[in-house]
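Numbering (our numbering), first residue to last: -8 to 612.
Written below as structure tokens is the structure these notes are about.
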């Protein structure tokens, strides 16, 4: 019994030694070999099997024998003990070599899996791994291209090697940007500490689960340096009901994008104004014109309309006074020494006054063209349903003129919780149809041929993005056919989840499409570089503020003669609007020409416009 307990204790102690890792095993084995050599040397020396050698000499001979040297001649006792020592030493040496190899292999595996600490500073950290990470990485690379050396650190649940190989396939890498991958949990303070998170330039939380987002924020704040250094953090929140608790957790440091609210408002605007989605993509993409906040001493005391004409290669679209963001403010609003101009420019280095001169007020009244204000009712069809649909409906009711109609069609019942509140509205008539929007015969029965606008949503019926986009494409083909057969004029806005499918959607004659996932990820990228943009886009998405509109060019200039963008800006000022681009109609389907959209064109360059071309403005209505 006692023997058994001793055996168990020995095994237990051996287990503890092995659990401490390869280094502990190697040290233990080395001690065991030394002990055996000393024991056998003592045994031979006491027996006098080799009387010609002293004890120290005997130790030296056995050390040589134990580590592979040929034994000297002696008695059989001496030979046998030497042989035994060699066998034992070979056994233990093999284990030591194996342990060393295993330790090296384990370390290499850890490095490949991304378990080691990141020694970086002023880097951008992306927490969370999904298909959307490639969009974010591409945008950050583009943003950092002009800055020289930069670093992006990605923490994901996959192995380091897996993330690296996937990124190499889907991202256009640049020598100026180093990308480091680490494997771990975004809600683990221990894993976050390995990223040098307290020294980062910014943090992007790329996680779809709202609960995990809040947990991750709390884990981030475990590092005191994050708050101390006021490191910007950009997150997305899917359910607006979770926004209050997320805001509490994030304090004032975290910028949140309410996904469904944001996409819903874009869908509502883009449905009535085809091209809005493409304009937003252009503004959010680091490759084109971007939003900047700029102070200009020479404009202090001037008004907003003068500022708009004081730049040839940049567009003034708003003001910040007393920390309040105003898009398309009153043209007479004065610029103070604390004011900042909201600018659209290709780069902040290109924001320069016209030959260092400020345009005087006298030039403003040169063009006066009256624009038609006729209001037409709309017959809008909403096909499909998802989490953004209630926001879309709410906004549409605010946008549509009285007497307009909204027909909602979906293949599954929508609860009264979602739609009942909207039916109480007397201004807009709302009708609901239950059926499969992929069925052409059923679509015909809804009188969709009489629609003015069709909004095709990506249905929540599908969990997979590919299946959802495939269903959208199927319905779009039927819509195109209905429009052709009935010579209908309704516009079609399609929602696309996977940006890879956008080209297929455009081929099928969708007048515009919203790449919802891409827009959100571009927004995350922008906020990581410039957190102040959150306030700008929040203001832009407000239903009662200035929004993006496409106006007929003939309402602003005489198309019988050449015109430059300065003339268009002046004419827009007379209508209390801010012009910042135009759309050439004949290029509207040409992806290579950015679908005919030109933002922030040079004001001095003249061109010939056609009657179907449009001016892009910020306007209250």
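Backbone N, C-alpha and C fix where the C-beta goes; we use that ideal spot for every residue, glycine too.
Please read these numbers as outputs of a predicted model, since none were measured by experiment.
Under the three-state reduction of DSSP output, residue 506 falls in the strand class. In this structure, the CA atom of residue 397 is about 7 Å from the CA atom of residue 373.
With a cutoff of 8 Å on beta-carbon distance, residue 469 and residue 518 are scored as not near each other. Residue 558: member of the alpha helix (DSSP H) spanning 556 to 564, first to last residue.
When C-beta atoms of the region 312 to 320 are compared with those of the region 521 to 540, three or more pairs fall below 8 Å, so the two segments count as touching.
By alpha-carbon distance to residue 287, the top candidate from 240, 251, 246, 343 is 343.
The beta carbon of residue 124 lies closer than 7 Å to those of 117, 145, 197 in the same chain, with the five residues before and after it left out. Within its own chain, the residues whose Cβ lies closer than 8 Å to the Cβ of residue 422, once the five positions on either side in sequence are excluded, are 396, 397, 398, 399, listed in chain order. Under DSSP, the beta-bridge partners assigned to residue 285 are 332.
Across the structure, residue 436 and residue 121 are spaced so that their CA atoms are roughly 40 Å apart. Around residue 571, the same chain offers 306, 308, 335, 590, 591, 607, 608, 609 as residues with beta carbons nearer than 8 Å, after the five sequence neighbours per side are excluded. Taking C-beta separations shorter than 7 Å and ignoring five residues to either side along the sequence, the partners of residue 155 in its chain run 172, following chain order. Listed in chain order, the beta strand (DSSP E) elements of length 3 or more contained wholly in the region 222 to 256 are 224 to 228, 245 to 249. Here residue 441 has 370 as same chain residues with Cβ atoms under 7 Å from its own Cβ, once five neighbours each way along the sequence are excluded.
When DSSP states are grouped into helix, strand and coil, residue 174 belongs to the strand group. Under the three-state reduction of DSSP output, residue 605 falls in the strand class.
Per DSSP, the continuous beta strand (DSSP E) segment holding residue 447 begins and ends at 444 to 447. The Cβ neighbour count for residue 223, taken over all protein chains shown within 10 Å, is at least 16; the residue is labelled buried.
DSSP lists no beta-bridge partner residue for residue 277. Taking the Cα positions, residue 216 is about 14 Å away from residue 114. According to DSSP, residue 315 shares a beta bridge with 312. Distance check between residue 226 and each of 193, 323, 133 places 193 closest, using alpha-carbon atoms only. Sorting 579, 611, 549, 564 by C-alpha distance to the C-alpha of residue 598 places 549 at the top. Scanning its chain for C-beta atoms nearer than 8 Å, with the 5 sequence neighbours on each side dropped, one finds around residue 265 the residues 482, 484, 502, 503, 541, in chain order.
Checking the DSSP bridge columns, you'll see residue 589 partnered with 573. Beta-bridge pairing by DSSP links residue 538 to 610.
Shown here for residue 284: same chain residues with a beta carbon closer than 7 Å to its own, the five before and five after excluded, namely 311, 331, 333, 523 in chain order.
Distance from the CA of residue 545 to the CA of residue 568, rounded to the nearest whole angstrom, comes to 15 Å. In terms of CA proximity to residue 300, 345 leads the group 460, 132, 345, 190. Of the residues assessed, residue 238 falls on the exposed side of the cut-off, its CB having fewer than 16 other CB atoms within 10 angstroms.
At a Cβ-Cβ threshold of 8 Å, residue 170 and residue 188 do not count as neighbours. Between the region 453 to 465 and the region 381 to 390 there are fewer than three C-beta pairs closer than 8 Å, too few to call the two in contact. When Cβ pairs closer than 8 Å are counted between the two stretches, the region 249 to 258 is seen to touch the region 505 to 512, the count reaching three or more. The beta-carbon separation of residue 248 and residue 205, rounded to 15 Å, does not stay under the 8 Å limit for a contact. DSSP, read as helix, strand or coil, puts residue 297 in helix. According to the DSSP assignment, residue 389 belongs to the alpha helix (DSSP H) that extends over 380 to 390.
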